[in-house]
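10 is the number of the first residue of the sequence shown in our numbering; add one for each residue after it.
Glycine included, each C-beta is placed from N, C-alpha and C at the ideal position.
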Amino acid sequence: IEHDPLSYSGRIVSFQQGTPIVIAALSYIFNAETSTISKVLPPVIGLLSLLFFYLLTFKIYNNRKIANLASLLLAISPPFLFTFYTANPYFMPIMFTLLGLCLLFYRRFLFASLSFILLAFFGTVFSLIGLALFMINAILRKDSKKYFLTSLALSIVLLIALNIPLLLSYGL
């Protein structure tokens with residue numbers, strides 16, 4: 010699809026490719042309708058995000074009561090419920106960001122960098138936010154600097170590759 014035929018004179022299609030790719034892949038793997046996957050996937054991703062948030066707060070505060078309370082408050086918050094109730098462009102990048110942060114705090118730098126690289130499939134803004142968080146970690150902890158630089162280079166290459174059709178058609 011090059012433009013949206015339902016809008017007057019068309020508009021460019023510049024949406025993130027990550028969520029549709031994941032939904033289509035899971036639909037193919039489980040031999041299920043994409044509409045079924047679109048309904049089941051957000052709550053599952055929400056539970057994973059809640060788990061990563063719990064692990065992250067427990068690692069930061071080293072207190073189960075604080076981690077439980079923070080996770081409960083997140084779980085009942087309307088933005089969290091809205092984000093992980095239906096398929097939207099935000100539920101997957103939030104999960105990958107929380108996963109990346111959790112892996113950074115547990116010093117699993119290779120897997121954290123993979124998580125932040127995958128954010129490029131979900132849009133430029135999400136990728137930049139993830140890379141900014143990774144950069145702050147690399148500044149504070151010198152042992153993750155080479156992983157950050159690798160993630161930065163691969164994310165830039167991936168973002169350029171994903172946006173080449175848009176750049177060639179419409180420019181900057």
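query: Can you tell me the Cβ-Cβ gap for THR92 and ILE103, rounded? I've got them flagged as a contact below 8 Å.; result: 7 Å
query: Might you give, ordered along the chain, the residues of its own chain that have their beta carbon closer than 7 Å to the beta carbon of ILE54, omitting 5 neighbours on each side?; result: PHE93, PHE100, MET101 and MET104
query: Have a look at ALA33, ASN146, SER136 and ALA141 and flag the residue whose alpha-carbon is nearest the alpha-carbon of PHE118.; result: ASN146
query: Measuring CA to CA, which of ALA34, GLN26 and LEU128 is closest to ILE165?; result: LEU128
query: Do you know offhand how far PRO98's Cα is from GLN25's?; result: 7 Å
query: On the criterion of 16 or more Cβ atoms from any shown chain inside 10 Å, does LEU176 qualify as buried, or is it exposed?; result: exposed
query: When the Cα atoms are used, what is the spatial distance from PRO29 to LEU171?; result: 14 Å
query: Would you mind sorting LEU50 into buried or exposed? The rule is 16 or more other CB atoms within 10 Å of its CB.; result: buried
query: Per DSSP, what kind of secondary structure is TYR94 in: helix, strand or coil?; result: coil
query: Need the endpoints of the alpha helix (DSSP H) that PHE67 sits in, please.; result: 43–70
query: Determine, using beta carbons only, whether PHE143 and PHE157 come nearer to each other than 7 Å.; result: yes
query: For TYR63, does the count of other Cβ atoms within 10 angstroms reach 16, so buried, or fall short, so exposed?; result: buried
query: How many angstroms separate the CA atom of ASN72 from the CA atom of LYS48?; result: 34 Å
query: List the endpoints of the continuous alpha helix (DSSP H) containing LYS74.; result: 73–85
query: Do you know offhand how far ILE38's Cα is from SER44's?; result: 14 Å
query: In chain order, what residues of the same chain have a beta carbon less than 8 Å from the beta carbon of ASN77, not counting five sequence neighbours either side?; result: TYR63
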